[in-house]
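Here is the structure we will look at.
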């Protein structure tokens, strides 16, 4: 299946070179989780803070176990805030 | 004591300037800045007075930490009755003006009455005088700043000034200091101009002393700075991308109000985001963002310094706008960009420059232009009113035109300067106004973030994210993550944020420290600086006292529980069309009664006698 991965702010550097606007589409297996995908792109775990699956927050536990559906969007940020 | 204990009172009607001691009993009860100045205002004006009459007063005020070595301790506030809302106004600014005021020896400057002719207030330590400003009236804030610096031949002057919009009665005029920092919300600049005061000019060389326990203070402030430096948000995130890092976050969670809140997600969000500000332009090889900057004493440095592409239509023949200037914050990029459907980064940046140049609140301006665009698209406004301009969502030309006429107070800009509520009422569609108590919404949609809806509805100064920034918890997980789509627990969350923020705003430091600091980090700094024991518990009680005092001012001014609400669009008429909140409205009714109960208020939103007694009101 195919999902969209979006890496923002300082995490953008870990996307493959052909990415457009902080976003890349790629094939994953049914056993992939957030953690396995981040490993694939060498994103350091300590830099990962906010993880959204289709805009909904994923708790750290869910990142280890939750699998994806075709067409999902996974968006990830380091610790960020604003006002 | 880190208060100077000195108040400067300026009677503009008769020109008298007097010094008086700070009321230290009130300082003990309300700390400083927002809390203490509001106490003075409550005691000195009739809450029912016309905000633009001589009966209203305007107070510039520092906190006990302002000007000290605490991180971000450069803040000051302007407290008055708002002409936009009729409620209490307290607008907070950074830059260097607050520090200069403290160094000149003043906790507070109270402006009362009205000058018969335009003046500016010049203060050099103990010396204060009113100087004719007829030659400055009609000048922009930036021109006035330059002319005053030149006249006094002193580049070290710190100047807070109003622009042309305030002179023309724009109800959301700000006071700009240090060219790019602003006491932005609720029309505090309109009040200053109504008193015929063009600027307040400061030079302070006394230093800031009187720290109660210097050794303890040194330790407490150093500990605080270490926390800020080691925190990923305040140490890395905010310096790198500023508040604008939120554009993509809030869009992804489906809480980015778009097209005057008709939608909750914007296709063009990434084009005007913090990340986009770092992208190199093809035309000149430069990025929108030149560098970051910091206010006095700040170890975070979230400020943006930007340029517009020299070939862009907004600045092509205007070299004065081609250099570095104050760049986009998230709120401004949202209001001028997203809410108006404009994804042209240069146009939005330029519109923001114009807001700084003439001291206008870009949140209220952008939100009002968005309302005007909806009025235009629905036919309630036509090219007859706009002089031919097609005021359509997505038009960068329309955005820039509407900004220019408003900041200069020309033609249709006078209508826009009334703000969204009065504009929509005038053109027969009041339901298009996205306001609470007459003040325009900030950048978070209450359908996608339920708690912020309650925070907007109950904010003492009208719709405002800075009175209780529950987004920190509901979206960003600070201090702990809560679900943005549930209402359970949000009443307590809103109250906690509101009370804690009231303390921060009264101390002289920046609210952005609270992404890393709790009151357990802040209280030791206040405790070491000030007389008496200032525990986190006492600070929180002071915050609650301030919140209730502001509430009582509003009730006395004629506001009621009926004003603690949101526009019908968000409660009933238009559910979120996309994103995680699809199908949702804001369920304010599920949160408000519990909020009143937690506050110790009656079901009508009035503090009970027991609450008043407990807080010493």
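Residue numbers (my numbering), protein chains in the order written: chain A, 1 to 83; chain B, 1001 to 1617.
Each residue gets a CB set at the ideal place from its N, CA and C atoms; glycine is no exception.
How close, in whole Å, do the beta carbons of residue i and residue j come, if the pair is a contact with beta carbons under 8 angstroms?
i                       : j                       : result
residue 1444 of chain B : residue 1255 of chain B : 6 angstroms
residue 1234 of chain B : residue 1565 of chain B : The Cβ separation is near 35 angstroms, so there is no contact.
residue 77 of chain A   : residue 50 of chain A   : 4 angstroms
residue 1067 of chain B : residue 1103 of chain B : 6 angstroms
residue 1585 of chain B : residue 1598 of chain B : About 23 angstroms separates the two Cβ atoms, so there is no contact after all.
residue 1440 of chain B : residue 1420 of chain B : 5 angstroms
residue 941 of chain B  : residue 1111 of chain B : Outside the shown range of chain B (1001 to 1617) lies residue 941 of chain B, about which nothing can therefore be said.
residue 1300 of chain B : residue 1239 of chain B : 7 angstroms
residue 974 of chain B  : residue 1158 of chain B : Residue numbering for chain B in the displayed model covers 1001 to 1617; residue 974 of chain B lies beyond these limits and cannot be assessed.
residue 1279 of chain B : residue 1248 of chain B : That belief does not hold up - the Cβ atoms of residue 1279 of chain B and residue 1248 of chain B are roughly 13 angstroms apart, past 8 angstroms.
Going straight from the alpha carbon of residue i to that of residue j, what length do you get?
i                       : j                       : result
residue 1366 of chain B : residue 1016 of chain B : 39 angstroms
residue 1407 of chain B : residue 1123 of chain B : 28 angstroms
residue 1476 of chain B : residue 1010 of chain B : 44 angstroms
residue 1457 of chain B : residue 1019 of chain B : 39 angstroms
residue 1606 of chain B : residue 1559 of chain B : 11 angstroms
residue 1060 of chain B : residue 26 of chain A   : 56 angstroms
residue 1082 of chain B : residue 1403 of chain B : 22 angstroms
residue 1200 of chain B : residue 1580 of chain B : 48 angstroms
residue 1416 of chain B : residue 6 of chain A    : 38 angstroms
residue 1189 of chain B : residue 69 of chain A   : 53 angstroms
residue 1435 of chain B : residue 55 of chain A   : 26 angstroms
residue 1253 of chain B : residue 52 of chain A   : 8 angstroms
residue 1283 of chain B : residue 1309 of chain B : 7 angstroms
residue 1452 of chain B : residue 1127 of chain B : 45 angstroms
residue 1242 of chain B : residue 47 of chain A   : 17 angstroms
residue 62 of chain A   : residue 1486 of chain B : 19 angstroms
residue 1048 of chain B : residue 1556 of chain B : 7 angstroms
residue 1268 of chain B : residue 80 of chain A   : 21 angstroms
residue 1169 of chain B : residue 1414 of chain B : 8 angstroms
residue 1508 of chain B : residue 1520 of chain B : 16 angstroms
Measure from the alpha carbon of residue i to the alpha carbon of each residue in the options, then state which is nearest.
i                       : options                           : result
residue 1207 of chain B : B/1065, B/1273 and B/1488         : B/1065
residue 1592 of chain B : B/1303, B/1603 and B/1583         : B/1603
residue 1394 of chain B : B/1377, B/1019, B/1004 and B/1327 : B/1377
residue 1024 of chain B : B/1013, B/1230 and B/1040         : B/1040
residue 1261 of chain B : B/1605, B/1055 and B/1369         : B/1369
residue 1352 of chain B : B/1314, B/1389, B/1388 and B/1380 : B/1314
residue 75 of chain A   : A/1, A/37 and A/18                : A/37
residue 1447 of chain B : B/1137, B/1511, B/1265 and B/1086 : B/1265
residue 1250 of chain B : A/30, A/41, A/19 and A/8          : A/8
residue 1277 of chain B : A/14, A/40 and A/21               : A/21
residue 1504 of chain B : B/1412, B/1489 and B/1525         : B/1525
residue 1668 of chain B : B/1318, B/1334, B/1187 and B/1237 : The question about residue 1668 of chain B has no answer here: the residues shown for chain B are numbered 1001 through 1617.
residue 1258 of chain B : B/1437, B/1341 and B/1588         : B/1341
residue 1429 of chain B : B/1381, B/1481 and B/1248         : B/1381
residue 1057 of chain B : B/1013, B/1354 and B/1144         : B/1013
Which chain A residues sit within Cβ distance under 9 angstroms of residue i?
i                       : result
residue 1490 of chain B : Those within 9 angstroms of residue 1490 of chain B in chain A number zero; the least Cβ separation is about 16 angstroms.
residue 1522 of chain B : None at all; the shortest Cβ gap to chain A is about 17 angstroms.
residue 1450 of chain B : Chain A residues near residue 1450 of chain B: none, gap ~14 angstroms exceeds 9 angstroms.
residue 1275 of chain B : 8, 9, 12, 21 and 22
residue 1244 of chain B : 82
Show which residues of chain A have a CB atom less than 8 angstroms away from the CB atom of residue i.
i                       : result
residue 1481 of chain B : 57 and 59
residue 1478 of chain B : 81
residue 1465 of chain B : 83
Closer than 8 angstroms by beta-carbon distance: list the chain B residues that pair up with residue i, in chain order.
i                     : result
residue 54 of chain A : 1580
residue 44 of chain A : Ordered by position in chain B, no residue passes the 8 angstroms Cβ test against residue 44 of chain A, which lies about 12 angstroms from the chain.
Under 9 angstroms between beta-carbons, which chain B residues line up against residue i? List them in chain order, please.
i                     : result
residue 16 of chain A : Ordered by position in chain B, no residue passes the 9 angstroms Cβ test against residue 16 of chain A, which lies about 17 angstroms from the chain.
residue 10 of chain A : 1236, 1237, 1240 and 1241
residue 66 of chain A : In chain order: nothing, as chain B lies at least about 15 angstroms away.
Given that residue i touches chain A, what residues does it touch there, using C-beta distances under 7 angstroms?
i                       : result
residue 1248 of chain B : 8
residue 1498 of chain B : Going along chain A, no residue has its Cβ under 7 angstroms from residue 1498 of chain B, so there is no contact; the nearest lies around 15 angstroms.
So with CB distances below 7 angstroms, who are the chain B contacts of residue i?
i                     : result
residue 75 of chain A : 1252
residue 21 of chain A : 1270
Mind checking whether the beta-carbon of residue i lies closer than 7 angstroms to any heavy atom of the ligand ZN?
i                       : result
residue 1112 of chain B : Summarising the ligand content, the structure contains no ligands, and the ligand ZN is consequently not present.
Flag this pair as touching only if the region 1091 to 1111 of chain B and the region 1021 to 1035 of chain B have three or more C-beta atom pairs under 8 angstroms; answer yes or no. Short answer: they touch.
Please confirm if the region 1213 to 1220 of chain B is in contact with the region 1531 to 1546 of chain B, defined as three or more CB-CB distances below 8 angstroms between the two stretches. no
Three Cβ pairs or more, each shorter than 8 angstroms: is that satisfied between the region 1092 to 1100 of chain B and the region 1064 to 1079 of chain B? The region 1092 to 1100 of chain B vs the region 1064 to 1079 of chain B: in contact.
Counting pairs of beta carbons, one from the region 1190 to 1206 of chain B and one from the region 1151 to 1170 of chain B, are three or more of them closer than 8 angstroms? yes
Is the region 1530 to 1540 of chain B touching the region 1569 to 1587 of chain B, taking contact as three or more C-beta pairs under 8 angstroms? no
Determine, using beta-carbon pairs with one atom in the region 1461 to 1468 of chain B and one in the region 1285 to 1295 of chain B, whether at least three such pairs fall under 8 angstroms. When C-beta atoms of the region 1461 to 1468 of chain B are compared with those of the region 1285 to 1295 of chain B, fewer than three pairs fall below 8 angstroms, so the two segments do not count as touching.
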